[in-house]
Amino acid sequence: MRALDATSVTGVSPAVAVDRRSRAASPRSMVGTATEVLQLLRMLWARVGVRHCPECGEAVRPLTPDAIADRIVADADGRRVQLVAPVARGARRRHEVAELVADLVAGGLVRVRLNGRVFNLSAEELDFGTRRRHDVDCIVDRLTPSRERLDRLAESVRLALDLGAGELVCEVVGDEGPSAATTYSSTIQCAQCQTPLEPELTARHLSFNHPLGRCPQCRGLGTVRAFDPGSIVPDASRSFARGAIAPLTRAQYADPRSDWSRAFAAVGRAFGFDRNTAFADLDPRQLRIVLYGAGDRRLKIHENGPSGSVVRRTWKGLIPILQGACRRDPDKARGLARYQADVRCSACDGERLMPEFRAVRVGGRRLPELVDMTVDGVL
Ligand SMILES: [Zn+2]
Ligand SMILES: [Zn+2]
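In this note's numbering, the protein residues as written are 12 to 390.
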């Protein structure tokens, strides 16, 4: 993020005037969105928020031009360098490249490298040659970086980052032309775990109504429609054999030879329960295995009674099996809908935003935390 243009703002009334608009309600609407308070907050968070790594929680600050200048002084170690801004890579349209270069020249930048060849445009014309794709670099400055001339270096770094969209290449200049190039970037990455972050942060990135910011799993709703264990097993005092699993038919649970009964018996044998164990008596691990599967472990399933043939199969779990049935068969999906409920989205923990934008903090607070508070709490 860019440094703030202002260090303080005075003379602005602390009252916030809020527009009240009437419009169609969506499942995403709430007081904050129906008024414009939330939009103002998003702008605030986008402007002054401190980015935090979504993986490890570490504060992530982009390298400032001054910090990059410092590094260049250290890396150059007294050698002469040139600062190069990569302006275009593989550009196809000559007239666009020509316009780009004309802009550079108008800004006083006359040393341009086109496809590796340097042109001094104060004295010569650009020559495109026969190539169809063009790489354009602008040579922003040539100097020997030193602490004494840090201001000029930082100024050039700023300009190069600007032209190079956050990237600049520092090339050591020797007698045989440039060698040993180092790329510096003002884009952001967690120093702790190297997770790259989106360099841009705007109010849209903090909006659950915008594709840039909303959680992709729940599409910004904070909840997803999912099978609800409480609806699938509404009466935990029952056992499998007495119909504890509500979506199963009587033939599926009451007949010990049904596919479901045999699979359930196999899971029970492997994990210490049977078809007559009440669900309330399953320990948390057993219940988790029944609902969500036993992973890659292959279980012995008896095809025709205990003495019959045996197949080895994995147990996918009740909920994944029901999910699979819904995907394959829309009719079944309609029938099973009543065992589903809106559950908190696991990707965003119900906070509706992408992890890296949920993690932006102002005054130590994340925007979704603030949104969760009451008006009194916020004030
Ligand atoms: Zn991290
Ligand atoms: Zn989500």
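Backbone N, C-alpha and C define an ideal beta-carbon position, used for all residues, glycine too.
Outcome for residue i when other beta-carbon atoms lying within 10 angstroms are tallied against a minimum of 16
i	result
Arg363	buried
Val59	exposed
Glu182	buried
Gln205	exposed
His106	exposed
Met384	exposed
Arg369	buried
Val322	exposed
Glu211	exposed
Gln228	exposed
Ala57	buried
Ser157	exposed
Gln203	exposed
Pro379	buried
Ser248	exposed
Ser272	buried
Ser190	exposed
Ser320	exposed
Arg62	buried
Phe284	buried
Glu110	exposed
Asp246	exposed
Asp162	exposed
Asp152	buried
Arg72	exposed
Phe139	exposed
Helix, strand or coil at residue i according to DSSP, with G and I counted as helix
i	result
Ala171	helix
Ile312	strand
Gln205	coil
Val355	Just to set this straight, residue 355 is Arg in the shown sequence, not Val. DSSP places Arg355 in strand when its eight states are reduced to three.
Leu154	strand
Ala99	strand
Leu347	helix
Arg143	coil
Gly374	coil
Pro189	strand
Cys337	helix
Leu179	strand
Ser218	coil
Ser196	strand
Asp342	helix
Arg104	coil
Val235	strand
Arg124	strand
Val382	helix
Leu111	helix
Arg230	coil
Asp138	coil
Asp162	helix
Val184	strand
Val244	coil
Leu132	coil
Leu329	helix
Arg363	coil
Short CB-CB distance (under 7 Å) between residue i and chain C
i	result
Gly328	No chain C is present in this structure, which holds just one protein chain.
Check: residue i C-beta below 6 Å from any heavy atom of ligand 4
i	result
Arg91	Ligands present in the displayed structure are limited to ligand 1 and ligand 2, and ligand 4 is not among them.
Strictly closer than 5 Å from CB to any heavy atom of ligand 1: give me those residues in the order they appear in the chain. After applying the 5 Å Cβ criterion, the set is Cys64, Glu66, Cys67, Glu69, Cys201, Gln203, Cys204, Thr206.
Do three or more CB pairs link the segment 324-335 to the segment 295-311 at distances below 8 Å? Remark: three or more beta-carbon pairs, one from each stretch, lie closer than 8 Å, so the segment 324-335 and the segment 295-311 are flagged as touching.
Counting Cβ pairs, one atom from each stretch, are 3 or more of them under 8 Å apart for the segment 236-256 and the segment 68-80? Contact between the segment 236-256 and the segment 68-80 is absent, with fewer than three C-beta pairs closer than 8 Å.
Of all the alpha helix (DSSP H) runs that stay within the bounds of the segment 39-94, which reach a length of 4 or more residues? 42-45, 48-59, 76-87
Restricting to runs no shorter than 3 residues, where is the beta strand (DSSP E) found entirely within the segment 249-323? Counting whole runs of 3 or more residues, the segment 249-323 contains the beta strand (DSSP E) stretches 309-313.
Do three or more CB pairs link the segment 50-57 to the segment 145-165 at distances below 8 Å? In short, these stretches do not touch, since the Cβ pair count stays below three.
Take every Cβ of the segment 351-360, pair it with every Cβ of the segment 226-236, and state whether three or more of those distances are shorter than 8 Å. Taking 8 Å as the limit for Cβ pairs, the verdict is that the segment 226-236 does touch the segment 351-360.
Segment contact, 8 Å Cβ cut-off, at least three pairs: the segment 156-169 with the segment 61-77: As far as the Cβ criterion goes, the segment 156-169 touches the segment 61-77, which means the pair count is three or higher.
With a cut-off of 5 Å, give the chain-ordered residues whose Cβ is closer than this to any heavy atom of ligand 2. Proximity to ligand 2 was defined by a C-beta distance below 5 Å to any of its heavy atoms, and the residues meeting it, in sequence along the chain, are Cys226, Gln228, Cys229, Cys356, Ala358, Cys359.
Is it the case that the segment 129-139 contacts the segment 59-68, given that we only count it when at least three CB pairs across the two stretches are under 8 Å? no
If contact is defined by three or more beta carbon pairs under 8 Å, each pair taking one atom from either stretch, is the segment 193-203 in contact with the segment 338-354? no
Segment contact, 8 Å Cβ cut-off, at least three pairs: the segment 81-99 with the segment 214-226: With the cut-off at 8 Å, the segment 81-99 and the segment 214-226 do not touch.
Should the segment 267-287 be regarded as contacting the segment 306-315, the criterion being three or more beta carbon pairs within less than 8 Å? yes
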